[in-house]
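Notes follow once the structure below has been shown.
In my numbering, the protein residues as written are 1290 to 1545.
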């Protein structure tokens, strides 16, 4: 699949979303081969994470990202060269016109969203059941979002909060300007699982979608353009790769 003649093609408006359970025990036997995929800079980061007990998940996440992006470039995973903008958003300088991507990781789950010709952001959040998240909701949500949240029945309020927050984070990541865009300056209003209104200075450019939500995770994307189709895939680097039947399978609970 890494040969140029066999590389994956993206049609207009197509978004491919890939998932990897970076804590899958089957990955442990591949760690030496994953290390060979990394750049010198990534290897330094890997060594620095040894002390925090995060090295193996970091290594698996980087191998996953490289394996996924290799599908769209015709290159081997270790051949890819990354750069980043002034705010740290990564891109592939040799393929910036044809391959746009973004990745997110939390609690053993990594997602990578890929499209062509426009900015994209993906976010996944682990849903703590702590009341403290709701107590601090106005740190993350706009006044309009807070008003809508207060209208939700108490038992469903935490899930709605995570939908709003994850969609907002996906938009910020797509913009690629970090927290220079205050969270209170734009609003994502929901009707169930759908975005009913998006209020931002450049709202007409964007489409935001909730990908999936279960009792543990919420995942969302933001794309600077019209989304025609979303495809879901699963990848354990050097172990297995497959297309998924539905977006809900991006989350671990749906695949177990």
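Every residue gets a Cβ at the ideal spot worked out from N, C-alpha and C, and that includes glycine.
This structure is a prediction, so every number in the text was calculated from the model and none was measured.
According to DSSP, what are the bridge partners of residue i?
i            : result
residue 1410 : 1511
residue 1303 : 1518
residue 1399 : 1309 and 1394
residue 1496 : 1512
residue 1477 : 1487
residue 1501 : 1508
If we count the other Cβ atoms within 10 Å of its Cβ and call it buried at 16 or more, is residue i buried or exposed?
i            : result
residue 1399 : buried
residue 1410 : buried
residue 1443 : exposed
residue 1412 : buried
residue 1535 : exposed
residue 1522 : buried
residue 1366 : buried
residue 1502 : buried
residue 1526 : buried
residue 1420 : exposed
residue 1436 : exposed
residue 1431 : buried
residue 1327 : buried
residue 1318 : exposed
residue 1306 : buried
residue 1482 : exposed
residue 1290 : For residue 1290, the predicted model reports a pLDDT of 46, less than 50, meaning its position is unreliable and no value from the coordinates is stated.
For residue i versus residue j, is the C-beta spacing smaller than 8 Å?
i            : j            : result
residue 1497 : residue 1508 : no
residue 1344 : residue 1335 : yes
residue 1463 : residue 1511 : yes
residue 1459 : residue 1475 : no
residue 1478 : residue 1434 : yes
residue 1446 : residue 1438 : yes
residue 1311 : residue 1377 : no
residue 1404 : residue 1303 : yes
residue 1454 : residue 1504 : no
What would DSSP say about residue i, mapped onto helix, strand or coil?
i            : result
residue 1449 : helix
residue 1469 : helix
residue 1456 : helix
residue 1372 : strand
residue 1316 : helix
residue 1337 : helix
residue 1379 : strand
residue 1506 : strand
residue 1350 : helix
residue 1527 : coil
residue 1537 : helix
residue 1464 : helix
residue 1355 : helix
residue 1293 : For residue 1293, the predicted structure reports a pLDDT of 49, less than 50, and the residue's modelled location is therefore unreliable. The matter cannot be settled from this model.
residue 1404 : strand
residue 1532 : strand
* Asked: If we count Cβ pairs, one from each stretch, closer than 8 Å, do we get three or more for the segment 1511-1521 versus the segment 1465-1472?
  -> no
* Validate contact between the segment 1387-1403 and the segment 1357-1374 using beta carbons, cut 8 Å, 3 pairs -> yes
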